[in-house]
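>
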Amino acid sequence: MTVPTHGTLSGRKLVTDLQSFGLQIGEDIGGIARKGGAGPSDHKTITIAGQTVMVPVYTSGARRSPFQASPPDQSGASTLLRDGQTLGTIHFPAAPRFCGLSTADGIPYWKIALLHGRDTLATTVHQTCIRYADRRTSCQFCAIGQSLEADRTIAYKTPAQLAEVAKAAVELDGVRDMVLTTGTPNVVDRGAAVLAESARAIKAAVDLPLQVQCEPPRDHGWFQRLRDAGADSLGMHLEAATQAVREKIMPGKATVSVDRYMDAFASAVPIFGRGQVNTYILAGLGDSAEDILALAERLIALGVYPFVVPFVPISGTPLENHAPPSADFMKSVLAPLGRMLREANMKSTDIRAGCGRCGACSSLSAYEQ
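Going by my numbering, the letters in the sequence shown line up with residues 209 to 577, in that order.
This is the structure we're talking about:
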């Protein structure tokens, strides 16, 4: 029996359910995983009928999930079960080849960048944030410091290191785009300067579409500088849809209000293009489906792609016991949002680089079809 394809109604329902419930794996079965650190965290990559997605496995919710996976065989094939009943076969992709290399000074490539989904390389350039150390200002879901504390990454990836790893990932593993995100190092450019420097170095080494992600800089002139440095798309992540939820969940970041984000989006879209500016929205933090869809309507009208994903509680954060959104809640958001995107002719497949193009953390792209 095979698992239904992701593009069918039953297939996208299955992915939505998996990303809401998580997956019991019983043991660390290898493959591509994300534990702690900047998001997506506590996930493992699986492939269902050719669609590669990221599913929570290291969360407390996943340990109670009705979905289980058997240990994979040598090819990575595993049996997916729900409540003990066989659903079909999934695959755990092997670790990419570039991860076996190290820089001349001995830093493993996997500490510099990781593969997300099928073919997106991602890194947090600056693995610290001015808000993280103080829980009065930090985002309550954030685990950016965890992978650093566990020695799974380094605090700052130099432009030369990023260029070296990006080139190897393209040549060895066929990576098709790259995401450069950052913790917020200051309240002026908010990381745009380090992203521009990094993008310029990568583009000089390899022809690879890039998305850069940061909070809106005070000077909107940074958008043109980022584009000139080689960024193909831009992510500025609201995380939550309403200002009230943002102030509760991310008190520091919420000082950059929804209205200021909207002004920044309006400035950035003419530079990067319609659909090439994205924002990440975590469903399940307290916003209603109506709140998320009302914001999405405003974003789409501006030419911004709203990438809505289910919130995944990460161990060791203040929200580790916060319940993730139900599969029904996600469908109540993703189905109408998919129609809105389809009617606006704004598809994830048209995004040059970034989370929306990768799509592994949400089943949204299936609802666009």
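From the three backbone atoms N, C-alpha and C, an ideal C-beta is built for every residue, glycine too. These numbers come from a predicted model, not from an experiment.
Can you tell which of 353, 349, 553 and 330 has its C-alpha closest to the C-alpha of residue 341?
Out of 353, 349, 553 and 330, 353 has the C-alpha closest to the C-alpha of residue 341.
> Tell me whether residue 319 sits in a helix, a strand or coil according to DSSP, three-state version.
Residue 319: helix per DSSP, three-state reduction.
> Leaving out the 5 sequence neighbours to the left and right, which residues in its chain are closer than 7 Å to residue 541 when beta-carbon positions are compared?
Here the set comprises 491, 497, 500, 501 and 516.
> Look at residue 387 and residue 302 and say whether their C-beta atoms are less than 8 Å apart.
For residue 387 and residue 302, no; Cβs fall outside 8 Å.
> Would you kindly check if the distance between the Cβ of residue 417 and the Cβ of residue 561 is under 8 Å?
Their beta carbons are under 8 Å apart, which means residue 561 touches residue 417 by this criterion.
> Can you look up residue 367 in the DSSP assignment and give me helix, strand or coil?
In the structure shown, residue 367 sits in a helix (DSSP, three-state: H, G or I).
> Here's a check: name, in chain order, each residue in its chain whose Cβ is nearer than 6 Å to the Cβ of residue 494, leaving out the five neighbours to either side.
These residues qualify, in order along the chain: 453.
> Keeping to the same chain, check which residues put their C-beta closer than 6 Å to that of residue 383; ignore five residues upstream and five downstream.
The answer, listed in chain order, is 327, 329 and 377.
> Identify, in the order they occur along the chain, each residue of the same chain with its Cβ nearer than 7 Å to the Cβ of residue 538, setting aside the five sequence neighbours on each side.
If we look at residue 538 and ignore the five residues flanking it on each side, its Cβ neighbours are 224, 228, 491 and 518.
> My assumption, with CB atoms under 8 Å, is that residue 410 sits in contact with residue 371. Please give the rounded CB distance.
Contact holds; Cβ gap of about 5 Å.
> Excluding the five sequence neighbours on either side, which residues of its own chain have a C-beta within less than 7 Å of the C-beta of residue 337, listed in chain order?
352, 391 and 392, listed in sequence order.
> How about residue 526 and residue 344: do their beta carbons lie closer than 8 Å?
For residue 526 and residue 344, no; Cβs fall outside 8 Å.
> Which residues share a DSSP beta bridge with residue 298?
286, per the DSSP bridge assignment.
> Do you know whose CA, among 284, 369 and 334, lies nearest residue 313's CA?
Measuring from the Cα of residue 313, the nearest candidate turns out to be 369.
> With burial defined as no fewer than 16 other Cβ atoms inside 10 Å of the residue's Cβ, what is the status of residue 308: buried or exposed?
Classification for residue 308: exposed.
> Secondary structure at residue 385, three-state DSSP: helix, strand or coil?
Of the three classes helix, strand and coil, the one that applies to residue 385 here is strand, per DSSP.
> Would you give the residue range spanned by the beta strand (DSSP E) that residue 252 belongs to?
Element bounds for residue 252: 251-256.
> Among 281, 263, 285 and 284, which has the Cα closest to the Cα of residue 275?
Of the listed residues, the one whose Cα sits closest to residue 275 is 263.
> Distance, Cα to Cα, residue 357 vs residue 304?
Residue 357 and residue 304: Cα-Cα distance of roughly 24 Å.
> Taking just the CA atoms, how far does residue 437 sit from residue 405?
About 7 Å.
> Taking the straight line between their C-alpha atoms, what separation do you get for residue 380 and residue 306?
Going by the C-alpha atoms only, they are around 6 Å apart.
> Quick check: does the Cβ of residue 481 come within less than 7 Å of any heavy atom belonging to the ligand HEM?
The ligand HEM is not part of this structure, which contains no ligands at all.
> According to DSSP, is residue 212 helix, strand or coil?
In this predicted model, residue 212 has a pLDDT of only 48, less than 50, meaning its place in the structure is not dependable enough to derive any value.
> By the three-class DSSP mapping on this structure, what secondary structure does residue 544 have?
Reduced to three states, the DSSP call for residue 544 is helix.
> Quick one: residues in its chain with C-beta nearer than 7 Å to the C-beta of residue 552, no 5 flanking neighbours on either side, listed in chain order?
Closer than 7 Å at the Cβ level, and outside the excluded window around residue 552, lie 508.
> Would you mind listing the beta strand (DSSP E) stretches within the segment 479-551 that are 3+ residues and don't spill past its ends, in chain order?
Listed in chain order, they are 485-491 and 512-518.
> Can you find the residues in the same chain that come closer than 6 Å, C-beta to C-beta, to residue 413, ignoring five residues on each side of it along the sequence?
Once the five neighbours on either side are set aside, the close Cβ partners of residue 413 are 371 and 375.
> Counting C-beta neighbours from all protein chains within 10 Å, is the total for residue 433 16 or more, i.e. buried, or is it exposed?
So residue 433 ends up on the buried side.
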